[in-house]
Structures are given as structure tokens and as C-alpha cells.
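Structure, as C-alpha cells:
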Ligand code: S3P
């Protein structure tokens with residue numbers, strides 16, 4: 253796939269109006285395949301995110317002998333093979349851009365009877381993997397990385413894993429989930445303590461598959477010897493994809509949109525808390541629960557935003573939404589400060605540097621710091637933005653055009669398909685003047 257040929261061109265100004273449903277939650281979609289594959293019996297998924305990242309997970313399990321039907325309009329059927337039923341893949345597992353696939357699979361595969369190699373694209377093979385390989389090795393896993401601790405990962409089979417307790421140095425749901433999945437195969441109990449709450453979809457979904465997970469305060473534990481039983485999973489819309497429109501409708505004059513069936517898991521709703529702190533008008537309607545995950549319709553109307561000092565406890569709860577939130581900050585009244593967010597530097601791109609660079613192109617005073625950013629809002633011009641192949645950077649600058657004085661062109665946008673297929677069509681249907689251009 254050529255990453256550099258797709259560009260977005262977005263006309264300045266305009267507004268957002270109407271109702272839409274953004275695609276399914278990426279984190280939940282990955283986990284539905286992973287847990288469905290190692291469950292006994294059949295798992296039926298609806299609302300599955302048919303995007304490249306989740307398809308990479310799906311293909312990896314197909315390569316390990318799991319029968320999977322779909323995806324077809326978000327419907328997937330996984331014929332589980334049980335905890336010990338995966339088969340050796342004949343080739344390295346290529347995971348594209350997907351950090352979630354690589355980090356969660358490394359834990360799940362550390363306990364198998366066969367060797368695997370995990371690899372990915374240029375961005376994924378630059379991202380830090382010692383955060384998972386180091387605790388997995390303490391459990392007895394045998395894993396090689398490149399000398400600088402990155403993929404490809406070579407995982408050797410037949411390791412005798414033993415449960416450990418791990419005090420996580422980083423608030424990362426990927427590390428937590430990796431170790432819990434390894435714990436399904438380890439002797440005794442495996443537990444982690446998280447330094448701050450992170451998304452808990454793995455814990456919720458394990459429980460949904462009938463696998464006991466114990467949580468005491470910030471400590472989460474599993475024991476081996478249990479069984480997962482196939483179940484039905486209704487994947488809500490991804491709040492991380494909704495975030496572009498929460499920001500877009502907040503900053504665009506006269507906007508009034510409703511986003512349907514959005515996941516409202518409290519470990520994911522930091523973006524709503526931060527936007528409300530900035531004065532956003534976001535209403536939760538029809539709040540209810542589907543399959544262990546809260547969902548709601550979100551009505552968002554244009555509102556005058558003010559800058560804020562973002563409380564650090566919100567950082568892990570909004571970790572993927574900062575590119576969009578930086579655009580909100582650029583359109584607010586008064587300074588916004590973010591700190592405690594050094595993790596943003598090791599996402600699909602260095603999101604602190606890349607967002608600061610892009611905002612500066614548009615004439616905004618955005619100063620990167622080692623662990624965050626200080627933004628002095630001001631009028632935004634148009635300009636050409638480098639997304640560095642990062643889906644969330646591309647979509648954030650597309651939304652910025654709602655308040656820019658000239659058109660914005662975003663380069664290197666093909667990776668929007670890793671999380672949000674149909675972004676251009678959906679954004680245009682709400683009123684954004686966006687077109688996708690191929691070179
Ligand atoms: C994810 C966890 C987060 C997030 C990523 C998805 C998950 O990563 O950024 O997009 O599904 O567990 P970290 O756990 O590394 O913060």
C-alpha cells in the first residue's frame with residue numbers, strides 16, 4: 253500500500269449539522285477477535301470495526317487456524333479453538349500499523365507451543381516493545397527484539413510461563429492486557445498494578461466470556477486454568493473516532509450534531525471531561541449498557557471554548573484524543589497547557605512534535621514540551637500539513653479547517669483507513685468541505 257499518495261483538501265469554514273454513527277470501537281474490535289479465537293464455541297460480533305488495524309488482528313488469527321466469517325457490514329463470526337487450539341502460522345504475522353495487535357498478541361503468543369514472528373509497517377517497527385517483552389521475560393517468556401527493543405518480535409514456543417506481579421511503570425492498557433493474556437497461560441496468578449486507570453475493555457470482555465478477573469483498587473489479577481466461552485458482542489461506536497466531531501462541532505459556528513451509540517466506558521471519556529472543562533456543550537442522551545459497555549448518543553452544539561490547564565489524571569483517559577484536543581485548544585480563548593503526556597511521543601507518530609509543527613504551519617503559537625504542549629490560540633491560516641502517516645493527525649487537521657481562513661491540505665492520509673474507513677464521506681455528510689485526492 254502506498255501511504256503518500258492520498259491527500260485531503262478541506263475548504264475553510266462551514267459548519268457541522270446532522271446525525272451520524274461513527275465506526276466501531278477499535279480496542280473492543282481487536283479484543284473480540286482475540287478472545288473469540290481462544291474461546292470454546294462461537295462468538296458473534298456486530299458493529300465490528302472493518303479497518304486495517306482490526307483486519308490485521310483478524311488475519312493473524314486466520315493464519316493460526318481460526319475460522320472467522322466476515323466482516324460483512326460489521327458482522328463477524330469467530331469459531332473459537334479454545335486456549336490450546338491455535339496452530340503455528342506458516343509465515344511471520346504482519347500487523348501493519350497496529351500497536352494494539354502487536355502488544356496484546358505478544359502476551360497471548362508467549363504461552364503457545366509454537367514459535368511466531370510479529371512484524372509491522374515502518375511506524376510500528378519504530379515503536380517501543382520492551383515495555384511488554386521485559387515483563388513477559390520475567391514470566392519466563394523467550395522473546396527477541398531488535399537491538400533497540402523494537403519489532404520484529406520473535407517469540408519462542410513451549411516456554412513455561414509463571415505468574416508474576418508487575419507494577420507497571422507506564423499507564424498503558426496495552427501492557428496491562430498483554431500481561432493478563434499471558435496470565436491465561438502462566439502457572440498461578442498473574443497480576444498488574446496500574447499507576448493510573450487505563451481502558452479496561454480486556455477485563456470487561458474476559459468477564460463477558462466467563463473468565464474470572466479480580467480487581468482490587470489498582471491491582472488486576474487472573475489465574476490460569478479457566479475457560480472462555482463464546483458469546484455475543486455488540487461493539488459500540490469508537491469515542492476516539494467521535495472525538496474529531498466532538499471537537500469539530502464545538503469549534504464550528506452554528507454546529508449541532510448527534511453521534512449515535514458511542515461507547516461511554518468511563519476509562520475512555522476523558523475527551524468529554526476535557527472539552528466540558530473548556531466550555532463545550534455536549535449532552536449525553538439515551539445512556540444505556542450493551543454487553544458490559546455503556547453507550548450513549550451525544551448531542552454536540554457549537555460553544556465558545558476557553559483554554560485550560562488539563563488535569564494530568566485525564567491523560568490516560570483521553571490518550572488518543574489529544575491531536576483533536578489540540579485543535580480545540582487552538583480555537584479557544586486563552587492558553588491551554590498539557591503536561592504528563594510523554595506517551596504521546598511514542599504513538600503512531602510523535603504526536604507532540606507533529607501536532608506542534610502542523611499548528612505552527614497554520615500560524616498558531618504551539619510550543620512543544622518534553623511531556624506536553626502549551627498552546628496560545630490565535631487565528632488559523634490555511635496551509636499544507638504533514639500527517640506523517642498518522643491517522644489521527646490527518647483527521648484532526650481536517651477538522652481544523654472549520655475555523656481556518658484558508659484551505660488546508662493534509663498529506664499522507666491513507667492510514668486514516670487503519671481506524672476510520674469512510675471518514676471523508678461521513679465528515680462530508682455532516683457538512684465538512686473535504687475531498688480526498690490521489691496523486
Ligand atoms: C489501546 C491502548 C492505548 C491506545 C491505543 C489502543 C488498547 O495504548 O493509545 O490506541 O486498545 O489497549 P497504550 O496502552 O499504549 O496507552
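Residue numbers (the working numbering): 253 to 691.
Cβ atoms here follow ideal geometry from the backbone N, Cα and C, with glycine treated the same way.
Expressed to the nearest angstrom, what Euclidean distance is found between the alpha-carbon atoms of residue 630 and residue 387? In a straight line, the C-alpha of residue 630 is about 45 Å away from that of residue 387.
Report yes if the C-beta of residue 453 is less than 8 Å from at least one heavy atom of ligand 1; otherwise report no. It does: the Cβ of residue 453 is within 8 Å (strictly closer) of some heavy atom of ligand 1.
Just verifying my parser: in three-state terms, what is the DSSP assignment at residue 473? In this structure, residue 473 counts as strand in the three-state DSSP scheme.
C-alpha gap between residue 593 and residue 318, whole angstroms: The C-alpha of residue 593 lies about 38 Å from the C-alpha of residue 318.
If you scan the segment 577-644 from start to end, which runs of the beta strand (DSSP E) of 3 or more residues do you find wholly inside it? You should have 588-590, 617-621, 624-628 and 635-638.
Leaving out the 5 sequence neighbours to the left and right, which residues in its chain are closer than 8 Å to residue 380 when beta-carbon positions are compared? Within the same chain, 401, 402 and 598 come within 8 Å of residue 380 by CB-CB distance, once the 5 residues on both sides are set aside.
Span of the alpha helix (DSSP H) holding residue 679? Start and end: 675-682.
Cut-off 6 Å between Cβ atoms - residues of its own chain near residue 404, not counting five sequence neighbours on either side: Closer than 6 Å at the Cβ level, and outside the excluded window around residue 404, lie 369 and 371.
Are there 16 or more other CB atoms within 10 angstroms of the CB of residue 410, so buried, or fewer, so exposed? Exposed: under 16 other Cβ atoms inside 10 Å.
Would you mind giving the Cβ-Cβ distance between residue 540 and residue 600, rounded to the nearest angstrom? I have them listed as a contact below 8 Å. In fact, because the Cβ distance is near 32 Å, the residues do not count as touching under 8 Å.
Host alpha helix (DSSP H) of residue 272 (start-end): Element bounds for residue 272: not the alpha helix (DSSP H) but the beta strand (DSSP E), 269-272.
Under 8 Å: do the segment 611-619 and the segment 531-551 share three or more Cβ pairs, one atom per stretch? Contact between the segment 611-619 and the segment 531-551 is absent, because fewer than three Cβ pairs lie under 8 Å.
Within the present structure, is the beta-carbon of residue 526 separated from the nearest heavy atom of ligand 1 by less than 8 Å? No, Cβ of residue 526 sits at least 8 Å from all heavy atoms of ligand 1.
Under the rule that 16 or more other beta-carbon atoms within 10 Å means buried, what is residue 447, buried or exposed? With fewer than 16 other Cβ atoms within 10 Å, it is exposed.
Pull up the distance between the alpha-carbon of residue 564 and that of residue 340, whole angstroms please. Between residue 564 and residue 340, the C-alpha separation is close to 43 Å.
Once the 5 residues before and after residue 581 are set aside, which same chain residues still bring their CB inside 7 Å of it? If we look at residue 581 and ignore the five residues flanking it on each side, its Cβ neighbours are 559, 588, 627 and 629.
Which residues in the same chain as residue 292 place their Cβ atom closer than 8 Å to its Cβ, once the five residues preceding and following it in sequence are excluded? If we look at residue 292 and ignore the five residues flanking it on each side, its Cβ neighbours are 332, 334, 479, 480, 481 and 482.
Which term fits residue 513, buried or exposed, when burial requires 16 or more other beta carbons within 10 angstroms of its beta carbon? Buried: at least 16 other Cβ atoms inside 10 Å.
Does the distance from the C-beta atom of residue 425 to that of residue 443 stay below 9 Å? For residue 425 and residue 443, no; Cβs fall outside 9 Å.
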